[in-house]
Amino acid sequence: MPSSQAVSSQNPFWSSTVNSVMKMVLISLIVCVSLFGNVVVLLVFQRKPQLLHVANRFVLNLLLADLLQTILVMPFAIAATMPGVWPLDARLCQTLVVLMHLFAFAGVNTIIVVSVDRYLAIIHPLSYPTRMTPHLGTNLIICTWVLSFLQSTPPLYGWGAIDFDRNHNVCSVVWSSSLSYSAVVSTFSFWLPVLIMLGCYWMVFRAARRQNALVHPIQTQSHSQPCPQDFQGPSSPQRLAV
Numbered sequence: 001m002p003s004s005q006a007v008s009s010q011n012p013f014w015s016s017t018v019n020s021v022m023k024m025v026l027i028s029l030i031v032c033v034s035l036f037g038n039v040v041v042l043l044v045f046q047r048k049p050q051l052l053h054v055a056n057r058f059v060l061n062l063l064l065a066d067l068l069q070t071i072l073v074m075p076f077a078i079a080a081t082m083p084g085v086w087p088l089d090a091r092l093c094q095t096l097v098v099l100m101h102l103f104a105f106a107g108v109n110t111i112i113v114v115s116v117d118r119y120l121a122i123i124h125p126l127s128y129p130t131r132m133t134p135h136l137g138t139n140l141i142i143c144t145w146v147l148s149f150l151q152s153t154p155p156l157y158g159w160g161a162i163d164f165d166r167n168h169n170v171c172s173v174v175w176s177s178s179l180s181y182s183a184v185v186s187t188f189s190f191w192l193p194v195l196i197m198l199g200c201y202w203m204v205f206r207a208a209r210r211q212n213a214l215v216h217p218i219q220t221q222s223h224s225q226p227c228p229q230d231f232q233g234p235s236s237p238q239r240l241a242v
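Be aware that the sequence shown starts at 1, since it is given in the UniProt record's numbering, and climbs by one per residue.
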């Protein structure tokens, strides 16, 4: 009986330890893969600066947001998987959550800009170079970070709240503390971006279908026309030579 009780009392500890180790290994693998991929793409842009046209600048901005998330936030996510280990106090916990949301919102806002950029490049190809200038591209990148800062910092000013969950060693926004902040974040960080992206790519899809409908009959007609050699009569030079 004592041995069975000891085993049963150790089972929760061992299951919790195994669960923590699996989480730590999984998050560490994600961090390594993300870091490797982002650094490789960054080196490509560094060695070939001619690739940094306006559209690829948006891709580079998305890469930087992801890279900063990987370097500054994910190590603490790994530390949170270890039972009883959390290296930050309450203020740094809030800072970590703000940074996590800042980089996430920057990525979402950049994806919106990429969607609009692709829409303009495909739907209005002739006017695209004059519309999407390098100066405008730089201003749009700055706007993505300014908007992300405005989206992520309200809990520091009392609109919303950030709390530390001691049971899971996780800092997170308490969404139930302010329904208005939760509604604004969900609207401008999820629903509105989804609608903009769907709208842009739907119009691109419609334009591609219209273009295909115009090109397909021409190709069909060209294939159905007989070759000029089919009209050669018996007195043609080739027949006479034979």
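Glycine included, every Cβ here is placed at the ideal spot set by N, Cα and C.
Quick caveat: nothing in here was measured; it's all calculated off a predicted structure.
Buried or exposed: residue i, going by 16 or more other Cβ atoms within 10 Å of its Cβ?
i: Ile142; result: exposed
i: Asn76; result: Correcting the residue type first, residue 76 is Phe in the shown sequence and not Asn. Counting Cβ neighbours within 10 Å, Phe76 comes out buried, since at least 16 surround it.
i: Phe231; result: Low confidence applies to Phe231: its pLDDT is 47, below 50, so where it sits in the model is not reliable enough to give any reading.
i: Gly107; result: buried
i: Ser148; result: buried
i: Leu179; result: exposed
i: Tyr158; result: A quick correction: the sequence has Gly, not Tyr, at residue 158. So Gly158 counts as exposed.
i: Phe190; result: exposed
i: Ala65; result: buried
i: Val33; result: exposed
i: Asn57; result: Per the sequence shown, the amino acid found at residue 57 is Arg instead of Asn. The residue in question, Arg57, is buried, as its Cβ has 16 or more Cβ neighbours within 10 Å.
i: Val98; result: buried
i: Leu140; result: buried
In its own chain, which residues sit with a C-beta less than 6 Å from the C-beta of residue i, not counting the 5 before and 5 after it?
i: Gln69; result: Phe103
i: Leu81; result: Reading off the sequence shown, one finds Thr at residue 81, where the question assumed Leu. The answer, listed in chain order, is Ser20, Lys23 and Met24.
i: Ala55; result: Asp117
i: Leu92; result: none
DSSP has residue i in a bridge; who is on the other side?
i: Ile162; result: Val173
For a quick check, are the C-beta atoms of residue i and residue j less than 8 Å apart?
i: Pro115; j: Ile196; result: Checking the sequence shown, residue 115 turns out to be Ser, not Pro. Yes.
i: Tyr181; j: Pro154; result: yes
i: Phe105; j: Ser177; result: no
i: Leu72; j: Asn38; result: no
i: Met100; j: Asp117; result: no
i: Thr144; j: Val113; result: yes
i: Leu60; j: Phe36; result: no
i: Ala207; j: Ile123; result: yes
i: Leu52; j: Gln94; result: no
i: Asp163; j: Val146; result: no
i: Val40; j: Met74; result: no
Closer than 8 Å by C-beta to residue i: which residues in its own chain qualify, once you throw out the five before and the five after it? Chain order, please.
i: Asp165; result: Cys171 and Ser172
i: Pro193; result: Val108, Asn109, Ile111 and Ile112
i: Thr138; result: Arg57
i: Ser4; result: Any reading at Ser4 needs caution, since the residue's pLDDT is 47, under 50, leaving its predicted position unreliable; the model's value is listed next. Excluding sequence neighbours, Ser4 sits near nothing in its chain.
Could you name the residues of the same chain whose beta carbon sits closer than 7 Å to that of residue i, not counting the 5 residues immediately before and after it, in chain order?
i: Tyr119; result: Cys200, Met203 and Val204
i: Ala150; result: In the sequence as presented, Ala is not what sits at residue 150; that position holds Leu. Closer than 7 Å at the Cβ level, and outside the excluded window around Leu150, lies no residue.
i: Gly160; result: Pro154, Val173, Ser177, Ser178 and Tyr181
i: Leu96; result: Val73, Phe76, Leu88 and Cys171
i: Phe188; result: Gln151
**Complete runs of the alpha helix (DSSP H) confined to the stretch 56–95 [at least 4 residues]** = Runs of the alpha helix (DSSP H) inside the stretch 56–95: 74–80.
**Message:** At 3 residues or longer, what runs of the beta strand (DSSP E) sit wholly inside the stretch 24–53?
**Reply:** Here no run is fully enclosed.
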